[in-house]
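For the sequence shown, my numbering begins at 6 and goes up steadily by one.
One structure is given here, and the rest of the page talks about it.
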Amino acid sequence: AEKALLLRNTAHSGNVRGLQFNPIQNNLLASAATNGEIFIWDLAKPDKPYTPGTKSPKMEEITHLAWNNQVQHILATSSTTGYTLIWDLKNKREVMHLSYAGATASLAGGYGMGSMNMATGLGVGRRGITAVAWNPDMATQIITASEDDNNPVIVVWDVRNAHAPEK
Numbered sequence: 006a007e008k009a010l011l012l013r014n015t016a017h018s019g020n021v022r023g024l025q026f027n028p029i030q031n032n033l034l035a036s037a038a039t040n041g042e043i044f045i046w047d048l049a050k051p052d053k054p055y056t057p058g059t060k061s062p063k064m065e066e067i068t069h070l071a072w073n074n075q076v077q078h079i080l081a082t083s084s085t086t087g088y089t090l091i092w093d094l095k096n097k098r099e100v101m102h103l104s105y106a107g108a109t110a111s112l113a114g115g116y117g118m119g120s121m122n123m124a125t126g127l128g129v130g131r132r133g134i135t136a137v138a139w140n141p142d143m144a145t146q147i148i149t150a151s152e153d154d155n156n157p158v159i160v161v162w163d164v165r166n167a168h169a170p171e172k
């Protein structure tokens, strides 16, 4: 068992809820914790993890994370707050957030080439997001799932036009 130990580190101060290897850069591992902490680990130098950007107040308890299957520096994280954040690791920042609350959905930020697309709406009644997954064939499509057992919702988003989910 001791031979299998990769690293013992105290970078996370909360429970780790998500781990995923980058599908393009196999030496990168993303980890996310219940207290909103996200770290990227380069297995070539695992003693120096880095964050994808400034910790977001929209990510209290991270529930899931997913690397984009075609764009190696894009990572998504979901939270009990009802937000899914898209991170650009190349620029080390949150580039947008997705939020769905039934009739109202919101987006803030931009994607690619420095574009800005601002919309309003805080998603009153928003449920936590339990899972997030990128479409393996379409780099701009992401799917989120809610935690509400009475009214489970799976939502498809296209981040090029993410002011509302796709129909």
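C-beta atoms are modelled at their ideal positions from N, C-alpha and C, and glycine is treated no differently.
Since we're looking at a predicted model, the values are computed, not measured.
The beta strand (DSSP E) with Y88 in it runs from where to where?
-> Mapped onto the sequence shown, residue 88 falls at position 83. Taken as a continuous stretch (DSSP letters only), the beta strand (DSSP E) holding Y88 covers 88-93.
Which of helix, strand or coil does DSSP assign to A35?
-> Mapped onto the sequence shown, residue 35 falls at position 30. If DSSP states are grouped into helix, strand and coil, A35 belongs with the strands.
Going by other Cβ atoms of all chains shown within 10 Å of its Cβ, with 16 needed for buried, is P157 buried or exposed?
-> Working through the sequence shown from its first residue, we reach residue 157 at position 152. Exposed, because fewer than 16 other Cβ atoms sit within 10 Å of the Cβ of P157.
From this set, Q77, T145, G133, R98, which residue's C-alpha is nearest E65's C-alpha?
-> Residue 65 sits at position 60 when you count from the first residue of the sequence shown. Nearest option by C-alpha distance: G133.
Nearest-angstrom Cα separation, counted from K95 out to D163 | To locate residue 163, count along the sequence shown from 1; it is residue 158. To locate residue 95, count along the sequence shown from 1; it is residue 90. The straight-line gap from Cα to Cα measures roughly 21 Å.
Taking the alpha carbon of S151 as the point to measure from, which residue in G19, A9, T89 has its own alpha carbon closest?
-> The sequence position of residue 151 within the sequence shown is 146, counting from 1. Ranking G19, A9, T89 by Cα distance to S151 puts T89 first.
What span of residues does the beta strand (DSSP E) with I147 cover, start to end?
-> Here residue 147 refers to the residue found at position 142 when the sequence shown is read from its first residue. Counting along the chain, the beta strand (DSSP E) containing I147 begins and ends at 146-151.
In angstroms with no decimal places, state the Cα-to-Cα distance between W72 and H78.
-> For the purposes of this step, residue 72 is identified with residue 67 of the sequence shown, where counting begins at 1. For the purposes of this step, residue 78 is identified with residue 73 of the sequence shown, where counting begins at 1. Their backbone Cα atoms lie some 8 Å apart in a straight line.
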